[in-house]
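Some notes on the structure that comes next.
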Amino acid sequence: MLKTILIVVVVLIALVLIYAATRPDDFRVERSVVVAQPAEKIFPLIDTLQNWQAWSPYERKDPAMRRNYAGPASGIGAAYAWKGNKEVGEGRMEIVASTPPSEIRFKLDFAVPFEAHNQAVFALEPVAGGTRVGWAMTGASPFMFKLMGLFMNIDEMIGRDFETGLAALKAQAEQEN
Numbered sequence: 061m062l063k064t065i066l067i068v069v070v071v072l073i074a075l076v077l078i079y080a081a082t083r084p085d086d087f088r089v090e091r092s093v094v095v096a097q098p099a100e101k102i103f104p105l106i107d108t109l110q111n112w113q114a115w116s117p118y119e120r121k122d123p124a125m126r127r128n129y130a131g132p133a134s135g136i137g138a139a140y141a142w143k144g145n146k147e148v149g150e151g152r153m154e155i156v157a158s159t160p161p162s163e164i165r166f167k168l169d170f171a172v173p174f175e176a177h178n179q180a181v182f183a184l185e186p187v188a189g190g191t192r193v194g195w196a197m198t199g200a201s202p203f204m205f206k207l208m209g210l211f212m213n214i215d216e217m218i219g220r221d222f223e224t225g226l227a228a229l230k231a232q233a234e235q236e237n
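Once you know that position 117 of the sequence shown is 177 in our numbering, the rest is easy, because the numbers rise by one and skip nothing.
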């Protein structure tokens, strides 16, 4: 009887591992919001990394987070390293492309709680009533991320942070009239 139970458990674990291995090799999380301001007003809130303290959802998760800025204040080469509590971890981001007032691309390197190398982009597009601001993050899904994804909805977890951040960015941009 014990042998049968053990075989069933091993088979179930093997099936979970096999299924995880079939999951996509990359991920993409994206959210957007319409801000009642022109892109020229919103762009500096994103492109100047010191401005993130006013709207980033991760700043609220750890107000005592240590920050280190490097390079220019904004645009290509502007960089921001952080070290915080378990909710924000440790990492670095750098602007790798900046096209005022429509797009900013970042290289994201996470060290803690796990190592990951991702890309993020903010796209600003004129629409009726203002500007649609899109925030997307893409990256590789190594096997452990695929396995975690079976038990947690990564899109929902990261997407919730993006929604919070975009709502705060919207509020910040709309109050600056």
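Where a beta carbon is used, it is the ideal one built from N, C-alpha and C, also for glycine.
Unbroken alpha helix (DSSP H) stretches of 4 residues or longer found wholly inside the region 80-135: 99-107, 117-121, given in chain order. Under DSSP, Glu154 shares a beta bridge with Ala139, Lys167.
One Cα belongs to Glu150, the other to Asn213, and the distance between them is close to 22 angstroms.
The region 169-184 makes no contact with the region 110-117: fewer than 3 CB pairs, one atom from each, lie closer than 8 angstroms. Under the DSSP assignment, Leu210 falls outside any beta strand (DSSP E); it carries neither an H nor an E label. DSSP places Glu185 in the uninterrupted beta strand (DSSP E) bounded by 176-187. Here Ala227 has Val93 as same chain residues with Cβ atoms under 8 angstroms from its own Cβ, once five neighbours each way along the sequence are excluded.
Contact check for Lys167 and Val156: beta-carbon distance about 5 angstroms, within the 8 angstroms limit, so the pair qualifies.
By the neighbour-count definition (other C-beta atoms within 10 Å, threshold 16), Tyr140 is a buried residue. Secondary structure at Val172: strand, using DSSP grouped into helix, strand and coil.
Less than 7 angstroms divides the Cβ of Leu184 from the Cβ of Ala99. At the C-beta level, Met197 and Val95 stay beyond 7 angstroms of one another.
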